[in-house]
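Enquirer: Residue numbers (the working numbering), protein chains in the order written: chain A, 385 to 495; chain B, 385 to 495.
Virtual Cβ for every residue (Gly too), placed ideally from N, Cα, C.
Sharing a structure here in C-alpha cells format.
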DNA sequence: GTATTACTTAACCAGATGGTTAAGTATTCT
DNA sequence: AGAATACTTAACCATCTGGTTAAGTAATAC
C-alpha cells in the first residue's frame, strides 16, 4: 500500500486536492475549479487518490462528493518516522563526514 | 522537492535501499546484492534517490559509497503530519458519515 | 601490461502517467 | 420532452519509469 500512497502524494495537483478536502468534503467540479486542467484530468487524479485509499466517493444523484480519508497516511508517517533519527543525528554524522574527507582517498577500508 | 521525495519513496526497491543505508554506508554492488535485478537498474535507483537528496555519494577510487541523508524526509513528514488530525478524528467523522447515509439522497444541499 | 573489479552510459523496450478532446450516461431543471 | 449539469469513459498522445543487455571508463590486482 505504501507504493500507491507515496505515488499518489508525488503529484502536486493531488496534494492540492487533498488540501482542499481537508477543509471539507467537495464535489468534482468544485475540486477541479482551482486547477488549470480539464475535468477528465481531475477525474483521473481522483481515481488515483481513491485507489490509494486517500479519499472516499459518495454519490448524491449526479454529484460525486469526495471525502478525505487520511488513514493510509498513517502507514506512510510511520515509515518516514523510522528515519527521523537520521536527521536528528545529522550534526554528529556531519562531523564524521568531514573527518573522512581529509583522509587520503585510496587506502580506504571497505567496511 | 516534495514531488521528487514522494516519487522516490513510491518504489519498494528504493525504500529497501534506504533501509539498508540506515544500517550503515554501503557501496553500489553491496546495495545491489539483495535486489534481484541488474547493476544498471540499481544504479538508476540510486540516481533517483540522489536527485531527491535522500543520499549522498562519495567516491573512493572506483568504489561509490552511499550515505543516507534523511533531511528531505523532514519536509515529507511535516506534510503528512498536517493530516494526522484526520485519522485521529476519524471516529467522530465516521459517525457523521453514517448519519448522512440514512438521509434521503436527492434533496441534498450543495454546501 | 593485462585482467579483474566497480561502476556508468547508451540504446532499447514495455508499460505507466498526466494531459488532451470527443462522446456517452445519468440526473436535474424548465 | 428537451436542455443543461455533473460527471465518466474512450481514444489518443508525449513523456516518464523501471527494467534489460551491451559497451565504455576508471581503478585495483596480478
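Taking the continuous beta strand (DSSP E) assigned at residue 466 (chain B), which residues delimit it?
Expert: No beta strand (DSSP E) contains residue 466 (chain B), which DSSP labels as neither H nor E.
Enquirer: Could you check where the alpha helix (DSSP H) with residue 414 (chain A) kicks off and where it finishes?
Expert: 412 to 416
Enquirer: Using a Cβ cut-off of 8 Å, pull out every chain B residue sitting near residue 396 (chain A), in sequence order please.
Expert: Correct list: 386 and 387.
Enquirer: Residue 446 (chain B) by DSSP, collapsed to three states: which one?
Expert: Reduced to three states, the DSSP call for residue 446 (chain B) is coil.
Enquirer: Closest Cβ-Cβ distance between residue 431 (chain A) and chain B: below 9 Å?
Expert: Not closer than 9 Å to any Cβ of chain B, the Cβ of residue 431 (chain A) fails to qualify, so no.
Enquirer: Just the Cα atoms here: how many angstroms apart are residue 420 (chain A) and residue 447 (chain B)?
Expert: Residue 420 (chain A) and residue 447 (chain B) have their C-alpha atoms roughly 47 Å apart.
Enquirer: Can you check whether the C-beta of residue 464 (chain B) is within less than 9 Å of a C-beta belonging to chain A?
Expert: Contacts with chain A at 9 Å (Cβ-Cβ) include residue 464 (chain B).
Enquirer: Whose CA, out of A:464, A:462 and A:455, lies closest to the CA of residue 470 (chain B)?
Expert: Across the set A:464, A:462 and A:455, the C-alpha of A:455 shows the shortest separation from the C-alpha of residue 470 (chain B).
Enquirer: Between B:460, B:402 and B:468, which has its C-alpha nearest residue 396 (chain A)'s C-alpha?
Expert: When C-alpha distances from residue 396 (chain A) are compared across B:460, B:402 and B:468, the shortest belongs to B:460.
Enquirer: Does any residue of chain B have a CB that is nearer than 9 Å to the CB of residue 423 (chain A)?
Expert: no
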